[in-house]
Amino acid sequence: MNINKIIFVSPLNHEMKQLVEKHSLKKEIRFLTEEELSDEQLEWADALVTFKTSIPYDYSKVKWVHSLGAGVDNFTYKKEWNSDVILTRTITSFGQRISEYCLSYLLKDLQYHDQFQDQKQKKHWQPATPKMLKEAKVMIYGTGAIGLKVAEVLSSFGMEVYGVSLSGKKKEFFQDVYTMDSHLQLLPEIDYLINTLPLTEETETIFNETIFEKLSQVGFINVGRGESVSERDLLQALNQEQVRFAVLDVFTDEPLSEDHAFWQHPNISITPHISAVTTAEEAVECFVDTLRKIEGEEELKNRVDVRRGY
Numbered sequence: 002m003n004i005n006k007i008i009f010v011s012p013l014n015h016e017m018k019q020l021v022e023k024h025s026l027k028k029e030i031r032f033l034t035e036e037e038l039s040d041e042q043l044e045w046a047d048a049l050v051t052f053k054t055s056i057p058y059d060y061s062k063v064k065w066v067h068s069l070g071a072g073v074d075n076f077t078y079k080k081e082w083n084s085d086v087i088l089t090r091t092i093t094s095f096g097q098r099i100s101e102y103c104l105s106y107l108l109k110d111l112q113y114h115d116q117f118q119d120q121k122q123k124k125h126w127q128p129a130t131p132k133m134l135k136e137a138k139v140m141i142y143g144t145g146a147i148g149l150k151v152a153e154v155l156s157s158f159g160m161e162v163y164g165v166s167l168s169g170k171k172k173e174f175f176q177d178v179y180t181m182d183s184h185l186q187l188l189p190e191i192d193y194l195i196n197t198l199p200l201t202e203e204t205e206t207i208f209n210e211t212i213f214e215k216l217s218q219v220g221f222i223n224v225g226r227g228e229s230v231s232e233r234d235l236l237q238a239l240n241q242e243q244v245r246f247a248v249l250d251v252f253t254d255e256p257l258s259e260d261h262a263f264w265q266h267p268n269i270s271i272t273p274h275i276s277a278v279t280t281a282e283e284a285v286e287c288f289v290d291t292l293r294k295i296e297g298e299e300e301l302k303n304r305v306d307v308r309r310g311y
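Count along the sequence shown starting at 1, add 1, and that's the number in the numbering used here.
The structure is reproduced here in C-alpha cells:
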C-alpha cells in the first residue's frame, strides 16, 4: 500500500514535526490543528495520525488511521468502521509506565505511607511492620500488552497475579486467567484489582455492584477507561468498605468536573490521565515503523481488530 499524503493532528505537532523531518520520509505531510481539520483535508490525505478528533469525521476517506494513544475507543466505541481502512495504535513504553504507576501505589499502601504521615502530623510514634508484595494477591483485568507487562513486573516481586479477559486464555506471568463469567469466585481472596481493559460495549460499566459486592477491603486501580466503572457503584463500595481505596487515572468525562464527588472522597486518589503518557519521540518512532511495515506489506502487531475494538 502506498501512503504519500499524511495529516497529523495533535498537541504534540511542533515536537513531532521536527522529529519526523529527521527521517526524510519523502512524503507530503500536513501538521494541522483540530480547527484546521476538515473533510476536504481528509479527501486529500492517505493517512491521518491523531489521538482523537472532537468531530466524528468520515475516516473512510483515508487508507490508514494511526492512533497516537494505546486506546482506540475514540474511533471504534459504538461507531461504524470501514474495514477497508487500516486502524493502528501506538505501542511504546505504555506497559512499563503503567506498571511503575501501579507499583508506586501498591508500595505506598503496603508500606503504610499514609498511616505514618498521619502519625507524623500527630507526633505519634507507633511502629507497624510493612507488608511485602509477595504476600498480596492482585487481579488484573485485561491481559493484552499492557496487562501482560503489569503482570510481569508485579510477579517479579513475588506477587500472586491473576488475570481476567474475555477469552480466559492462559498467559505467562499469570497464575491463572479467568473469563468475566468465571472469575467472581476468586474475588473474596484478592487484595488489589487493576483495570487495564480497553473500552468496548462488553467492558462498559463492567466494574459495578456485581464485582464490588464480592470484595472486602480491596485496593482498586483504574488505568483502563473511566467508562468501564459505574461511578455510583464505586462510591457505594468505598462507603461500605468493600473497596478500601481507589486510584483513578481515567474518567468518563475528562477533565473531571470541579463538582464531582470523587474530588471530596478521602479514599480516592486522582491523577489527570498520566499513567501512560505518549511522548513525541516514542510516537514518531512507532508511526515511522508502522508506516514502513504498511508500505512493505509486513505484519502489523499494532493493527486493531475493529470488530473487537482493540
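Each residue gets a CB set at the ideal place from its N, CA and C atoms; glycine is no exception.
Check	Outcome
Host beta strand (DSSP E) of ILE87 (start-end)	87-90
Paired residues, beta bridge with ASN223 - DSSP	ASN196 and LEU249
Cβ neighbours of PHE158 in the same chain (closer than 7 angstroms, five flanking residues each side left out)	LEU134 and LYS135
According to DSSP, residues forming a beta bridge with LYS294	In DSSP, LYS294 forms no bridge with anything.
For LEU108, three-class secondary structure by DSSP	helix
Reference SER25, options ARG308, ARG309, LEU301 and VAL285, closest by Cα	VAL285
Neighbour flag for LYS215 against chain C, beta carbons, 8 angstroms	Judged by its chain identifiers, the structure shown contains no chain C, having just a single protein chain.
Proximal residues to ILE30 (C-beta, below 6 angstroms), its chain only, five neighbours per side dropped	ILE7
Nearest-angstrom Cα separation, counted from LEU188 out to ILE147	21 angstroms
Contacting residues, own chain, Cβ-Cβ under 6 angstroms from ASP192 (five flanking each side not counted)	ALA137 and LYS138
Euclidean distance between Cα positions of THR211 and GLU161	23 angstroms
Cβ-based neighbour list, THR77, same chain, cut-off 6 angstroms, excluding 5 preceding and 5 following	VAL307 and GLY310
ILE1 - containing alpha helix (DSSP H), residue span	This structure gives no information on residue 1, because the portion of the chain shown stretches from 2 to 311.
Proximal residues to PHE263 (C-beta, below 7 angstroms), its chain only, five neighbours per side dropped	LEU249, LEU257, ILE269 and ILE271
Distance CB(LEU43)-CB(LYS62) smaller than 8 angstroms	yes
Runs of beta strand (DSSP E) lying entirely within the stretch 122-151, each at least 3 residues, in chain order	138-142
Reference ASN75; option with closest CA among PHE95, ASN83, PRO57 and SER231	PRO57
Within 8 angstroms, strictly: CB atoms of GLY220 and PHE252	no
Reduced DSSP category for TYR60 - H, G, I as helix; E, B as strand; rest coil	helix
From LYS215, PHE174 and SER168, residue whose alpha carbon lies closest to that of LEU198	SER168
Spatial distance of TYR163 from LYS28 (CA atoms)	46 angstroms
Sequence-distant residues of the same chain with beta carbon closer than 6 angstroms to THR201, five excluded per side	GLY310
Runs of beta strand (DSSP E) wholly within the stretch 23-77 (minimum 3 residues, chain order)	29-33, 48-51 and 65-68
Same chain, Cβ closer than 8 angstroms to ILE99, neighbours up to 5 away in sequence not counted	ILE147, LYS150, VAL151, THR197, VAL224, SER276 and ALA277
Alpha-carbon to alpha-carbon, ARG233 and GLN127	36 angstroms
Run of the beta strand (DSSP E) containing GLU161, from where it starts to where it stops	161-165
Status (buried if at least 16 other CB within 10 Å, exposed otherwise) for ASP260	exposed
Secondary structure of PHE263, DSSP reduced to three states	helix
Close-in-space but distant-in-sequence residues of the same chain around ILE207 (CB under 6 angstroms, 5 per side omitted)	SER229
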